[in-house]
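Protein chains: 2
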Amino acid sequence: MSMPHPGLTPTSYIVLGLLRFAGEATPYELKATHAGSVGFFWAVPHSQLYAEPDRLVARGLATVRQEERGRRRKHYRITDEGVAALDAWLAGADLPRGELREPALLKVFFGADPTDVAVRQVEAHRERLATLTAIRDRVRGLPNATGPLHTLDAGIAMQEAWIAFWERLAAGSGPVEG
Amino acid sequence: MSMPHPGLTPTSYIVLGLLRFAGEATPYELKATHAGSVGFFWAVPHSQLYAEPDRLVARGLATVRQEERGRRRKHYRITDEGVAALDAWLAGADLPRGELREPALLKVFFGADPTDVAVRQVEAHRERLATLTAIRDRVRGLPNATGPLHTLDAGIAMQEAWIAFWERLAAGSGPVEG
DNA sequence: GGGTACATGTAATCAGTTACATGATTTA
DNA sequence: TAAATCATGTAACTGATTACATGTACCC
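Line by line, the protein sequences are chains S and U. Residue 11 is where the first sequence starts when you use our numbering, and the numbers rise one by one after that. Residue 11 is where the second sequence starts when you use our numbering, and the numbers rise one by one after that.
(1) When you compare the CB of Ala136 (chain U) with every CB in chain S, is at least one pair closer than 7 Å?
(2) Might you give, ordered along the chain, the residues of its own chain that have their beta carbon closer than 7 Å to the beta carbon of Gly27 (chain S), omitting 5 neighbours on each side?
(3) How far does the alpha helix (DSSP H) with Ala144 (chain S) in it extend, from its first residue to its last?
(4) Residues in its own chain within less than 7 Å of Gly165 (chain S) by CB, not counting five upstream and five downstream?
(5) Ignore the nearest five residues each way along the sequence and tell me which others in Pro63 (chain U)'s own chain have a CB closer than 8 Å to its CB.
(6) Where His160 (chain U) and Leu179 (chain S) are concerned, what is the direct C-alpha to C-alpha distance, given to the nearest angstrom?
(7) Among U:Trp172, U:Val93 and U:Asp163, whose alpha-carbon lies nearest the alpha-carbon of Trp176 (chain S)?
(8) With a threshold of 7 Å between beta carbons, is Leu55 (chain U) in contact with chain S?
(9) Arg161 (chain U) CB to nearest chain S CB: under 7 Å?
(10) Hey, does Ala35 (chain S) have any beta-carbon neighbour from chain U nearer than 7 Å?
(11) Roughly how far, in whole angstroms, is the beta-carbon of Leu110 (chain U) from the beta-carbon of Gly108 (chain S), given that I think they are within contact range, below 8 Å?
(12) Looking at Leu115 (chain U) and Pro195 (chain S), is the spacing between their C-beta atoms short of 7 Å?
(13) Going by DSSP in three states, Val54 (chain U) sits in which element: helix, strand or coil?
(14) Are the CB atoms of Ala171 (chain U) and Ala171 (chain S) within a distance shorter than 7 Å?
(15) Pull out every residue of the region 108-126 of chain S whose Cβ sits closer than 9 Å to any Cβ of chain U, in chain order.
(16) Per DSSP, which one or two residues make a beta bridge with Lys84 (chain S)?
(17) Buried or exposed: which applies to Arg79 (chain U), given that a residue is buried once 16 or more other Cβ atoms fall within 10 Å of its Cβ?
(18) Kindly indicate if chain S contains any beta-carbon less than 7 Å away from that of Val48 (chain U).
(19) So, Val54 (chain S) versus Thr21 (chain S), is the Cβ gap smaller than 7 Å?
(20) Could you check if His56 (chain S) is buried or exposed, using at least 16 other CB atoms within 10 Å of its CB as the buried criterion?
(21) Any beta-carbon of chain U closer than 7 Å to the one on Gly17 (chain S)?
(22) Using only CA atoms, which one of S:Gly46, S:Ala68, S:Gly182 and S:Gly92 lies nearest to Val149 (chain S)?
(23) Between which residues of its own chain and Gln76 (chain U) is the CB-CB distance below 8 Å, once the five residues before and five after are set aside?
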């Protein structure tokens, strides 16, 4: 009857999720995995990938095993409690509102030259789109990757929406209307 | 020859921008203004709207005037230095990558039932869309609101893109494409 | 064998979050 | 006049950001 685990942040669930996927991982491996997957839409600084696993251990949601000699790296592993916490979160009803956090928009809001910003945004989003598309083509076909695939689709859809938006803005035309 | 001001966060610029717009404002007024404008795409907790102005004062980018009696409220005003910092940022070339920060996506990524999530996201985004559309219709016509208007258009475009995405996902069909 | 890049962390600072607390107004 | 809500802040805690620091492997 897994109790809810208060105080777990998105970062916590990201690490739990990566640990479950990896079986066992060092922070550096988490960093690499994250960078090639979730990192595309949810940044986590690498220092957090060292700090968070220890927090999880303190809560009993993971365990550590430290190498005795050499680099004395720490290998983390998710516990059954950890899996339960992750599953409870996944199945849970709460879905906090997402946020945009787009600095370019902030600038436009406060009066930056829209055309100038827009032109550069179009280019940036085009690059992004190319990257994501390439990745999707590689991921497609892999089994058990439907979650990540959906996410990639979302990312691609968003890039396309942004490109359309900034292009309209760069062209100086108003909204299409309604 | 305004030097760059290191250590200013997006929150700093939001407060500077709101102060310039308002002429003079108490944190509570900042809170209200923020909630009805930038707040739609960039959240700032109210405690930061009390803390940040003092940081700006410490840097010489704003001034305070505290009431002598009664509530002893603090009224803030942007300084010329503050205006310069804001303008430098607005004109500056750096545009950090935006982020999605969408908890729903995170859940789907890590294996939550996509249909379940999608159905609820569609509803949430529809509400959001209605809100933004209503606001845009009010803002349209106001003079000197082109920055905010563009922002609203962006928000609306994003909501529509999300709705389309989640609807496809809820319908269980793959991406359109090939 | 010296440099460069990758790997692996720790420490200090600071912003952000949450919670609490009280004063003023409105309304029932 | 009691209750509820709005206004106005402060305090404590903790996560996130930045910077630093060192170890190991590779390559020229």
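Glycine included, each C-beta is placed from N, C-alpha and C at the ideal position. Everything numeric in this text was worked out from a predicted model, so none of it was measured.
Working from what's here:
(1) A quick correction: the sequence has Arg, not Ala, at residue 136 (chain U). No, Arg136 (chain U) lies away from the interface with chain S (no Cβ there is under 7 Å from its Cβ).
(2) Leu96.
(3) Run containing Ala144 (chain S): Pro124 to Val149, per the alpha helix (DSSP H) assignment.
(4) Contacts found: Phe50, Phe51 and Leu142.
(5) Result list for Pro63 (chain U): Val25, Leu29, Pro37, Leu40, Ala72, Val74, Lys84 and Tyr86, in chain order.
(6) Cα to Cα, His160 (chain U) sits roughly 8 Å from Leu179 (chain S).
(7) Nearest of U:Trp172, U:Val93 and U:Asp163 to Trp176 (chain S), Cα basis: U:Asp163.
(8) Note that residue 55 (chain U) is Pro in the sequence shown, not Leu. It does not; no Cβ of chain S falls within 7 Å.
(9) The amino acid at residue 161 (chain U) is misidentified as Arg; the sequence shows Thr. True, the Cβ-Cβ gap to chain S drops below 7 Å.
(10) Under the 7 Å criterion on CB atoms, Ala35 (chain S) is classed as non-interfacial with respect to chain U.
(11) Gly108 (chain S) and Leu110 (chain U) do touch by the CB rule: their CB atoms are close to 7 Å apart, below 8 Å.
(12) Missing from the structure shown is residue 195 (chain S); chain S here goes from 11 to 188 and no further.
(13) DSSP places Val54 (chain U) in coil when its eight states are reduced to three.
(14) Yes.
(15) Hits within the stretch, in order: Gly108, Glu109, Leu110, Arg111, Glu112, Pro113, Ala114, Leu115, Leu116, Lys117, Val118, Phe119, Phe120, Gly121, Ala122, Asp123, Pro124 and Asp126.
(16) In the DSSP output, where bridge partners are listed per residue, Lys84 (chain S) has S:Gln76.
(17) With fewer than 16 Cβ atoms within 10 Å of its Cβ, Arg79 (chain U) is classed as exposed.
(18) With 7 Å as the cut-off, Val48 (chain U) counts as an interface residue toward chain S.
(19) Taking C-beta atoms as the reference points, Val54 (chain S) and Thr21 (chain S) count as a pair closer than 7 Å.
(20) Classification of His56 (chain S): exposed, given that the 10 Å Cβ count is below 16.
(21) So no, Gly17 (chain S) is outside the interface.
(22) Checked all of S:Gly46, S:Ala68, S:Gly182 and S:Gly92; the closest Cα to Val149 (chain S) is S:Gly46.
(23) Around Gln76 (chain U): Arg82, Arg83, Lys84 and His85.
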